[in-house]
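Chemist: This is the structure I want to talk about, given as structure tokens.
Chains as they are written, first to last, in our numbering: chain B, 338 to 486; chain Z, 13 to 437.
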């Protein structure tokens with residue numbers, strides 16, 4: 338059954354018991370992202386500390402895929418150097434736009450590989466990327482505000 | 013039993029729709045419950061467009077050759093049949109790109125009237141004037157009015173929605189008042205299925221001298237609609253929701269109004285006389301059809317109207333009512349379901365929207381899709397309505413003449429399966 342390929346146990350676990358959920362202080366930047374086709378939304382905060390992602394906190398409403406992928410995001414990036422976090426972002430982004438043809442690297446994406454099945458459903462790719470796009474937006478603005486640029 | 017109330021022979025009808033024979037998601041028969049978004053096409057409509065293109069294709073209303081004559085006849089004959097279908101005269105039927113453009117046409121024409129001469133005064137509006145819409149509108153019947161208010165300085169107001177998904181008419185006399193220049197509302201909600209009472213709304217608009225714009229996208233495909241009898245000033249609907257092609261909408265406007273209203277889009281085909289510094293415009297409907305029109309599409313919509321008329325709009329409405337009540341009754345038996353909109357069949361059409369406790373609509377739609385059941389999920393371009401009813405999104409099943417009670421059963425089984433799959437059953 339195709340459905341199980343999409344809704345892996347890992348995804349359902351993250352959906353039912355999300356990691357890192359709730360907005361926390363202090364933070365550097367906050368990003369609000371919305372999926373205009375369904376109204377799902379996420380507010381996500383990032384705190385950077387000496388080139389390390391010190392915290393990611395979030396709140397929002399959305400489907401199992403968007404909620405679980407944001408939960409996985411926090412597991413993957415919090416406590417990691419920003420450069421490493423962005424490598425994971427790129428890998429997840431590539432996986433989600435791969436129409437199911439990209440073989441995910443478990444060393445990089447860990448629980449994120451469970452979303453390989455979601456990539457076969459174009460309508461759900463936006464759901465899976467909602468929190469990740471918020472993360473990228475918040476990081477971009479944090480760097481813009483902190484740097485000389 | 014009379015012919016009028018004879019039930020539809022759905023199996024025979026389905027044979028006309030090639031796409032209904034296909035399977036989806038590993039061999040599941042397609043159960044298409046998304047006709048509220050777009051309807052499927054019978055062979056007769058596809059063939060009519062093909063025949064036009066292979067036998068009569070030419071630019072209409074110009075050229076002296078035989079093909080141009082045949083193409084013009086086909087185009088204008090379609091207009092006449094479409095007009096008859098909605099209780100209008102051919103001169104009252106304007107072809108647009110879609111229904112959204114039809115509403116924008118009226119809104120922009122009113123904006124243009126606001127800077128035109130006294131002949132267009134009845135369409136003009138400015139600061140102190142009011143535009144009224146409702147909280148249950150599709151974005152297409154809200155955003156153009158927001159924009160018109162912004163451009164002209166008029167104020168946008170709206171009628172609210174009750175908890176059970178009806179228009180709240182308790183404030184009608186206050187909201188629609190002598191300052192109101194236009195009242196725009198939907199005939200049948202694309203989310204709730206609610207059929208709005210046109211009569212008291214038109215009566216109030218008449219009392220205060222406001223123009224009435226009716227969004228008939230969800231009513232014209234599914235029931236007998238007569239715009240003259242309804243007494244509205246303008247109405248819009250789209251071809252692709254009524255077995256017709258994409259890229260075509262219809263704007264109905266009362267003859268005398270279209271004759272006085274300034275144009276929206278300008279250019280070729282819509283002029284009377286052009287000089288370097290100024291132009292005069294053709295009478296309606298041509299005044300509102302700038303550029304080469306959607307010719308083969310209009311011909312195809314003519315065929316769609318012929319098809320629907322042959323089946324009988326009253327029979328289609330009765331059939332959809334049967335399916336709607338079966339779906340509502342079936343959903344009522346499943347725990348954890350909240351129907352968004354009227355829960356009985358009274359004054360409602362065949363759009364059934366709902367939420368499932370503990371499961372996001374996207375996830376419900378995904379499980380239904382896995383069973384071959386195509387529904388719509390999201391806010392269905394009615395975000396303010398969802399906000400009013402306290403849900404971020406909903407699942408919508410919508411029915412048409414080619415659906416039957418087996419489709420309803422497969423749908424209900426899919427909803428139960430969704431609850432089992434996500435462990436909320």
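Heads up, the beta-carbon is just placed ideally off N, CA and C, and yes, glycines get one too.
1) Determine whether the Cβ of residue 405 of chain Z lies closer than 8 Å to any Cβ atom of chain B.
2) Among all the DSSP beta bridges, which residues are the ones paired with residue 170 of chain Z?
3) Measure from the alpha carbon of residue 275 of chain Z to the alpha carbon of each residue in Z:261, Z:291, Z:374 and Z:260, then state which is nearest.
4) Whose C-beta lies closer than 6 Å to the C-beta of residue 31 of chain Z among residues of the same chain, with five residues either side of it excluded?
5) Note down, in chain order, each residue of its chain lying with its Cβ closer than 8 Å to the Cβ of residue 184 of chain Z, except the 5 sequence neighbours on either side.
6) On the DSSP letters alone, give me the boundaries of the beta strand (DSSP E) that residue 366 of chain B sits inside.
7) From what residue to what residue does the beta strand (DSSP E) around residue 56 of chain Z run?
8) Taking residue 343 of chain B as part of the beta strand (DSSP E), name the residues at either end of that continuous run.
9) Count the other CB atoms, across all protein chains shown, that sit within 10 Å of the CB of residue 472 of chain B; report buried if there are 16 or more and exposed otherwise.
10) So with CB distances below 8 Å, who are the chain B contacts of residue 37 of chain Z?
11) Can you tell me which of the three DSSP states residue 388 of chain Z falls into?
12) Spatial neighbours of residue 439 of chain B within its chain, please: C-beta separation below 8 Å, excluding the five flanking residues on both sides.
13) Which same chain residues end up closer than 6 Å to residue 408 of chain B when comparing Cβ atoms and leaving out the 5 residues on each side of it in sequence?
14) Since residue 386 of chain B sits in a beta bridge, which residues does DSSP pair it with?
15) Tell me the DSSP secondary structure of residue 438 of chain Z in three-state form.
16) I need the straight-line Cα distance from residue 347 of chain B to residue 365 of chain Z, nearest angstrom please.
17) Check for me: the alpha helix (DSSP H) holding residue 454 of chain B runs from which residue to which?
18) Report buried or exposed for residue 218 of chain Z, applying the criterion of at least 16 other Cβ atoms within 10 angstroms of its Cβ.
19) Suppose the cutoff is 6 Å on Cβ atoms and the five residues either side in sequence are ignored; what does the same chain contact list for residue 369 of chain B look like?
20) Measure the C-alpha to C-alpha separation of residue 353 of chain B and residue 368 of chain Z and round it to an integer number of angstroms.
21) Could you name the residues of the stretch 390-403 of chain Z whose beta carbon sits closer than 8 Å to any beta carbon of chain A, in the order they occur along the chain?
22) In terms of residue numbering, what span does the beta strand (DSSP E) encompassing residue 261 of chain Z cover?
23) Under the DSSP definition of a beta bridge, which residues are partnered with residue 447 of chain B?
24) From the DSSP secondary-structure annotation, give me the bridge partner or partners of residue 418 of chain B.
25) Name, please, each residue of chain B whose Cβ falls closer than 8 Å to the Cβ of residue 276 of chain Z.
26) Compute the distance between the beta-carbons of residue 106 of chain Z and residue 301 of chain Z, then report whether it is under 8 Å.
27) Which residues in the same chain have their Cβ closer than 6 Å to the Cβ of residue 210 of chain Z, if we skip the five residues on either side of it in sequence?
28) Is there at least one Cβ from chain Z nearer than 8 Å to residue 454 of chain B's Cβ?
29) Rounding to the nearest angstrom, what Cα-Cα distance links residue 413 of chain Z and residue 449 of chain B in this structure?
30) Nearest chain Z C-beta to residue 398 of chain B closer than 8 Å, yes or no?
31) From which residue to which residue does the beta strand (DSSP E) around residue 223 of chain Z run?
32) In angstroms, rounded to a whole number, what distance separates the CA positions of residue 58 of chain Z and residue 390 of chain B?
33) Looking at the unbroken alpha helix (DSSP H) that takes in residue 164 of chain Z, where does it start and where does it end?
34) Cβ of residue 377 of chain B less than 8 Å from any chain Z Cβ?
35) Using 8 Å as the threshold, is the C-beta distance between residue 430 of chain Z and residue 376 of chain Z below it?
36) Quick one: is residue 14 of chain Z buried, meaning 16 or more other Cβ sit within 10 Å of its Cβ, or exposed?
Modeler: Taking the definition as stated:
1) Chain B contact via Cβ: present.
2) According to DSSP, which records beta bridges pairwise, residue 170 of chain Z is partnered with Z:145.
3) Comparing Cα positions, the closest option is Z:291.
4) Cβ neighbours of residue 31 of chain Z beyond the five flanking positions: 52.
5) Closer than 8 Å at Cβ, skipping near neighbours: 171, 212, 213 and 216.
6) Per DSSP, residue 366 of chain B belongs to the beta strand (DSSP E) from 366-372.
7) For residue 56 of chain Z, there is no enclosing beta strand (DSSP E); the enclosing alpha helix (DSSP H) has its first and last residue at 55-63.
8) Bounds of any beta strand (DSSP E) do not take in residue 343 of chain B; it lies within the alpha helix (DSSP H) bounded by 339-343.
9) Result: buried.
10) Within chain B, the residues near residue 37 of chain Z are 339.
11) Three-state DSSP puts residue 388 of chain Z in a strand.
12) Counting only Cβ-Cβ distances below 8 Å, and skipping sequence neighbours, we find 431, 432, 453 and 456.
13) Around residue 408 of chain B: 351, 355 and 356.
14) In DSSP, residue 386 of chain B forms a bridge with B:389.
15) Since the displayed chain Z opens at 13 and closes at 437, residue 438 of chain Z lies outside it and no answer follows.
16) Looking at the backbone, the Cα of residue 347 of chain B and that of residue 365 of chain Z are separated by about 30 Å.
17) Where residue 454 of chain B is concerned, there is no enclosing alpha helix (DSSP H), given that its DSSP letter is neither H nor E.
18) The residue in question, residue 218 of chain Z, is exposed, as its Cβ has fewer than 16 Cβ neighbours within 10 Å.
19) Within the same chain, residue 369 of chain B has close Cβ partners 380.
20) Looking at the two C-alpha atoms, the distance is approximately 16 Å.
21) Among the protein chains in the structure shown, which are B and Z, there is no chain A.
22) First-last of the beta strand (DSSP E) with residue 261 of chain Z: 261-265.
23) Residue 447 of chain B is bridged by DSSP to nothing; it lacks a bridge partner.
24) BP columns for residue 418 of chain B point to B:389.
25) For a Cβ distance threshold of 8 Å, nothing in chain B lies close to residue 276 of chain Z: the least Cβ distance comes to about 26 Å.
26) Their beta carbons are under 8 Å apart, which means residue 106 of chain Z touches residue 301 of chain Z by this criterion.
27) Cβ within range, chain order: 242.
28) False, the Cβ-Cβ gap to chain Z never drops below 8 Å.
29) Between residue 413 of chain Z and residue 449 of chain B, the C-alpha separation is close to 44 Å.
30) At a cut-off of 8 Å between beta carbons, residue 398 of chain B contacts chain Z.
31) That run of the beta strand (DSSP E) goes 223-227.
32) In this structure, the alpha-carbon of residue 58 of chain Z lies about 57 Å from that of residue 390 of chain B.
33) Counting along the chain, residue 164 of chain Z sits inside the alpha helix (DSSP H) bounded by residues 155-164.
34) True, the Cβ-Cβ gap to chain Z drops below 8 Å.
35) Against a cut-off of 8 Å, the Cβ pair of residue 376 of chain Z and residue 430 of chain Z comes out as a contact.
36) Confidence at residue 14 of chain Z is low in this model, with a pLDDT of 44, below 50, so its placement is unreliable and the value that follows should be read with caution. So residue 14 of chain Z counts as exposed.
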